[in-house]
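Letter by letter, the sequence shown follows residues 1 to 215 of the UniProt record's numbering. Reading through the structure tokens given below for one structure.
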Amino acid sequence: MNRTNVGQIAGLRYGFYSPDEIRRLSVRKVTNDLAFDKFTGRGVDGGLHDVNFGVIGYSETCAHCGMDFTDCPGHCGHIEFSKPVFNPFMFDVLYKIVKSFCFGCFRLYSAEYLASALYLLGAPVSKLPGKMKALEIKELEGLSGDDLRQLAIRNLATRPRAPCKLCGSGSWGLRHISKQQLVLHPISIAGGNRSKARMKEELEEDCSDLLEGCK
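The following block contains the structure:
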């Protein structure tokens with residue numbers, strides 16, 4: 001038997017579907033919070049167990065593909081949220097990225113390191129968020145794409161305590177509550193409205209985030 005080499009896998013990367021991709025893959029929009037009809041025991045139309053999603057009984061047939069319990073692979077649906085939400089699996093990354101922005105002008109506190117990393121990742125110079133530094137380019141050269149991304153995010157997460165250099169707005173502290181909510185609070189340069197205990201807590205949170213990024 002003749003074999004033909006058509007290519008070689010150089011790498012593998014996991015990601016998340018975009019909203020449009022999810023809608024294209026979906027066979028039904030979920031509009032009902034009920035799962036089963038209390039009288040018939042069947043899945044409610046537009047519910048979490050809509051019959052278009054697949055079969056749950058040996059004698060049933062899928063309403064979407066027409067296959068039985070053995071052959072139906074199952075099909076996904078989707079829920080349209082009324083307001084933007086974050087992916088809980090991406091909370092740690094989101095938290096670090098939000099910490100890198102000034103909440104006065106909504107620009108990055110320091111974009112030089114990120115610009116250097118993006119340049120080495122192949123981004124065009126016209127699209128970079130700031131000016132590159134030759135020293136940082138030299139330090140980052142030779143690193144893998146994954147290492148460049150991790151280092152860029154870790155660098156962004158180290159938000160300064162001083163006012164923003166771009167707009168002069170005072171610095172804001174950011175913390176999370178059980179990785180479900182983000183809480184902002186103003187920071188005084190002199191520390192008059194912050195206790196030493198709170199400053200220590202924020203420092204420990206920052207160090208913890210950076211250590212997680214190193215894993």
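Here a beta-carbon is modelled for each residue, glycine too, at the ideal position from N, C-alpha and C.
No residue range can be given for L166, since it is assigned to no beta strand (DSSP E) and is classified by DSSP as neither H nor E.
With 16 or more other CB atoms across the displayed protein chains lying within 10 angstroms of its CB, F53 is buried. Residue range Q181 to P186 is occupied by the beta strand (DSSP E) that includes L182.
Assigned with DSSP and collapsed to three states, I9 falls in coil, not helix or strand. Of the other Cβ atoms in all chains shown, 16 or more fall within 10 Å of the Cβ of G77; this residue is therefore buried. According to DSSP, I177 shares a beta bridge with Q181.
By the criterion of at least three beta-carbon pairs nearer than 8 angstroms, the segment 124 to 144 is in contact with the segment 104 to 112. Taking C167 as reference, the option from Y95, A10, P88 and R107 with the minimal CA-CA separation is R107. Just measuring C-alpha positions, the residue of V85, S144 and G170 sitting nearest G11 is S144. Contact between I187 and S171 holds, with the beta-carbon distance rounding to 5 angstroms and staying under 8 angstroms. Inclusion of A117 and L148 in the CB contact set at 9 angstroms is warranted, their separation being smaller than that value. C105 sits exposed, since fewer than 16 C-beta atoms from the chains shown fall within 10 Å of its C-beta.
Here D68 is bridged, per DSSP, to T61.
The continuous alpha helix (DSSP H) containing K96 extends over residues F91 to V98. Secondary structure at L118: helix, using DSSP grouped into helix, strand and coil. In the structure shown, the three-state DSSP call for K83 is coil.
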